[in-house]
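Chemist:
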Amino acid sequence: MPELPEVETIRRRLCDGRAGCPRLVGRRIEGAWVGWARTLAEPAPPVFRRRVRGQTIERIERRAKHLLLGLSRDTLMIHLGMSGSLHLRRGRDRGATPRVRTRIHRVAEDPVRYCRLSLRLGDGWRLDFDDPRKFGRVRLVSDPTPVLRDIGPEPLSRGFTAAVLAARLRDHRRALKSLLLDQSFVAGVGNIYADEVLHRAGLHPRLRADRVTPAQARALWRAVRAVLREAIRWNGTTFDQVYGEGDFQRHLRVYQRTGRPCRRCGTPIRRIVVGQRGTHFCPRCQVGSPR
DNA sequence: CACGAGACCTGTTCGC
DNA sequence: TGCGAACAGGTCTCGT
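Counting the first sequence from 1 gives a position; this note's numbering is that position plus 1.
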């Protein structure tokens, strides 16, 4: 579930606390369990366990798709990758939970089967980082800025103006779709929202960035902000039945709607591959294809 | 240096 | 029903 709107939704939920769950801010980390070593980008697990213990969670922020937990001394950076999710759970320590090997492994039968890393929070609570595909990364650093150094502007910030976007577009010849996915170009846009943004802007995913007119750049700027804002308002998009609270999926115009009618003109939505990513668009509404 | 391809992972769905 | 192929919300690294 992890593009900017999803990560922002998670951030807000962790800040506010939820029914039956404690707020994260103010809680002390009593210990850590690492189930898949590569989930922890840095430092090495023994150092991580020693260093994170005793620190208090003081604030929760987001930059691009990174969740930043400001601790007493360090910053815990969490990137959910493709399939990562966070869960406040109560019960026995994850590390002490006996592995029940049933014949048929179904996700629903073992909620912590994909838990890769866990923080003990006291009162029996823990924060579990689940990640079936193991693309997510957690790091504990004294200074998060080097990791975030090459990330582009936050699309919902004041500094991200239409003029800034237009100027940046001129520097690239790549397909718009690829460029929107590039985190150094603009922060937080992923495959779902890149497609949705381009449809809203009426621009073909393969349109070369340096051929975007000023009027088109402005339309793209509006679309990026409108789509991301709206997605946040609906708590993101999710296809997960268990945490099916992201309602933006009901507002998708092209993503995973191959063959279904465009909501604007009725033309069947097409799926192509751009930059090795599945790309959905309306061949009638979205102009500017090369050739 | 900008860009594209392959790698990293596991699970689910599709097509024959 | 079975089995391989294709596909899935994201970055990294490497070669051109």
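All C-beta atoms in this analysis are idealised placements derived from N, C-alpha and C, irrespective of residue type, glycine included.
1. Grab the span of the alpha helix (DSSP H) containing E9 for me, first residue to last.
2. What's the gap between the Cα of A42 and the Cα of R174?
3. Can you tell me whether A232 is buried or exposed, with buried defined as 16 or more other CB within 10 angstroms of its CB?
4. E62 bridges to which residues according to DSSP?
5. For V8 versus R63, is the C-beta distance shorter than 8 Å?
6. Within 8 Å, do at least three Cβ pairs link the stretch 48 to 64 to the stretch 23 to 33?
7. Under the assumption that S86 contacts D131 (Cβ atoms under 8 Å), give the Cβ distance between them as a whole number of angstroms.
8. For V225, which residues in the same chain have their Cβ closer than 6 Å to its Cβ, ignoring the five residues on either side in sequence?
9. Smallest Cα separation from L81: which of C116, P47 and R51?
10. Quick one: grab the DSSP three-state call for P284.
11. Tell me H80's beta-bridge partners as DSSP assigns them.
12. Taking just the CA atoms, how far does L170 sit from R219?
13. Taking all protein chains shown into account, decide if C286 is buried (16 or more other Cβ within 10 angstroms of its Cβ) or exposed.
14. For G260, which residues of its own chain have a beta-carbon under 6 Å away from its beta-carbon, when the five flanking residues on both sides are left out?
15. Pick from V53, V142 and V148: whose alpha carbon is nearest that of A65?
16. Can we say the stretch 206 to 214 touches the stretch 18 to 25, given the rule of at least three CB pairs closer than 8 Å?
17. If you follow the alpha helix (DSSP H) that A176 is part of, which residue opens it and which one closes it?
18. When the Cα of R74 is compared with those of D144, R258, A163 and A195, which residue comes out closest?
19. Just the C-alpha distance for K135 and V113, rounded to the nearest angstrom, thanks.
20. By DSSP's criteria, W34 is part of a beta bridge. Which residues make up the other side?
Modeler: In this structure, then:
1. L5 to D17
2. 33 Å
3. buried
4. L69
5. yes
6. yes
7. 5 Å
8. P156 and V198
9. C116
10. coil
11. H67 and R138
12. 11 Å
13. buried
14. P269
15. V148
16. no
17. Careful: A176 lies outside any alpha helix (DSSP H) and carries neither H nor E.
18. D144
19. 14 Å
20. S119
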